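Numbering of the sequence shown is given in our numbering, commencing with residue 221 and proceeding in unit increments.
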Amino acid sequence: MEKLFLLILSAFCLSWYSGAKDIPSEERGLFLSYHKVKSEKDETLKANEAVFTFTFNGIIDDKAKRSILYSIDGLESKNVLIDNDHIIVETTPGKHIFQFFYDTDHFEITTDSLEILSQYRDDYNVFFENSKFPVIIDKPVIYLYPEKETSIHLEVKSKGEMTFMYPAYTDGWDFKAAPNGTLLFDESAYNYLFWEAKQFQQLNADEFHKGFIVKKNEVISFLEEKLTTAGLTSKEQADFITYWGPRLQQNERSFVHFLINEECDRFAYLDIQPKPDHIYRIYIVWNEIVDEPEYKLLEQTIPRFERDGFTVLEWGGYEINAQEQIKSL
221 MEKLFLLILS AFCLSWYSGA KDIPSEERGL FLSYHKVKSE KDETLKANEA
271 VFTFTFNGII DDKAKRSILY SIDGLESKNV LIDNDHIIVE TTPGKHIFQF
321 FYDTDHFEIT TDSLEILSQY RDDYNVFFEN SKFPVIIDKP VIYLYPEKET
371 SIHLEVKSKG EMTFMYPAYT DGWDFKAAPN GTLLFDESAY NYLFWEAKQF
421 QQLNADEFHK GFIVKKNEVI SFLEEKLTTA GLTSKEQADF ITYWGPRLQQ
471 NERSFVHFLI NEECDRFAYL DIQPKPDHIY RIYIVWNEIV DEPEYKLLEQ
521 TIPRFERDGF TVLEWGGYEI NAQEQIKSL
């Protein structure tokens, strides 16, 4: 029988590690698009000089010479990667915005404004995400619990094509939120906000080694236990379980991994005004298991969401598109 589970793992390992070089495990687990790893003063630089070094990870290919298209503050350039993994950009002190593009199999990356000091060298790791395997990010729903009735503006900045949003969404949602979670849009009341998107997502190798194997007859008790640990209310648990439970129960066994809080930034950023005291996010990622994995699966630790002050909770998830990934091997 085809080793479906292991083939998926191989695809993930290839996509994550083929371009990686000396990536700390704590950075691999977060899967950030870019991350500053070092900032040092260099007295050999002049007062009006500064230097960025960008090391690129996650590139899926075996090209002998790699090159990168990039722009700094809108000025475009193309460089061959030094040692096939990094470029050095000499610039002036201050704030700069970068864009990086490798090829159509990887997402383009746009940074926020990166500030660098005079006579400093700042080193960044940049992580490309593979764009080959589309999935539907299913039913992310957003609950809001302010301490008093509050007028809210909320924007979902998705990393892919939005396919559905409810209630109607025009440059964001504008509504009033009550402490009990009721969301008021003029005369209409809702329990949560809903969105879905088509995106290109995958777990990285570290994440695929952590999680749970869940049997069909244990799905409900498993979800109740983990969601209670996370601190979801009975209503939030019911919403979650009635959506994901029937889908997981279609399999005799499933691999389940939860993405928590900042790990969910790969799907979308939530821009909420006024700013909540806490934004908690939990996404379930799963697929059917055909054969037992021939490696040690580490049980994932689920953190507790402490619900004090203005709290926002979002949950969602997706099924790993296993067949499409296997075809590409």
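Glycine included, C-beta positions come from ideal geometry on N, C-alpha and C.
These numbers come from a predicted model, not from an experiment.
On the three-state DSSP scale, how would you describe residue i?
i: glycine 465; result: helix
i: phenylalanine 487; result: coil
i: isoleucine 317; result: coil
i: serine 454; result: helix
i: leucine 518; result: strand
i: glutamate 472; result: coil
i: glutamate 260; result: strand
i: glutamate 534; result: strand
i: glutamate 438; result: helix
i: threonine 449; result: helix
i: asparagine 481; result: helix
i: leucine 443; result: helix
i: phenylalanine 460; result: helix
i: phenylalanine 347; result: strand
i: phenylalanine 414; result: strand
In the DSSP output, which residue or residues are listed as bridge partners for residue i?
i: tyrosine 378; result: Checking the displayed sequence, the identity of residue 378 turns out to be serine instead of tyrosine. Answer by DSSP bridge pairing, in chain order: Ala488.
i: alanine 398; result: The partner list for alanine 398 (beta bridge, DSSP) is empty, contrary to what the question assumes.
i: isoleucine 292; result: Leu295, Phe318
i: glutamine 419; result: Val355
Short of 7 Å in beta carbon distance, which residues of its chain neighbour residue i, apart from the five on each side in sequence? Order them along the chain.
i: lysine 379; result: Gln419, Arg486, Phe487, Ala488
i: lysine 516; result: none
What are the start and end residues of the beta strand (DSSP E) that includes residue i?
i: threonine 275; result: 270-277
i: isoleucine 504; result: 498-508
i: alanine 409; result: 408-410
i: leucine 301; result: Segment: none, leucine 301 is in no beta strand (DSSP E) and carries neither H nor E.
i: histidine 326; result: Unbroken run through histidine 326: none, as it is neither H nor E.
On the premise that residue j lies in contact with residue i, defined as a C-beta separation below 8 Å, what is that separation, rounded to the nearest angstrom?
i: phenylalanine 347; j: serine 253; result: 6 Å
i: valine 355; j: tyrosine 538; result: 5 Å
i: threonine 531; j: aspartate 497; result: 7 Å
Once the 5 residues before and after residue i are set aside, which same chain residues still bring their CB inside 8 Å of it?
i: glutamate 456; result: Tyr363, Leu447, Leu533, Trp535
i: lysine 368; result: Pro399
i: aspartate 332; result: Ile317
Spatial neighbours of residue i within its chain, please: CB distance less than 6 Å, with the 5 preceding and 5 following residues excluded, ordered by chain position.
i: glutamate 260; result: Arg341
i: arginine 286; result: Leu301, Asn304
Between residue i and chain B, is there a C-beta pair that is closer than 8 Å?
i: serine 287; result: In the displayed structure, chain B is absent; only one protein chain is listed.
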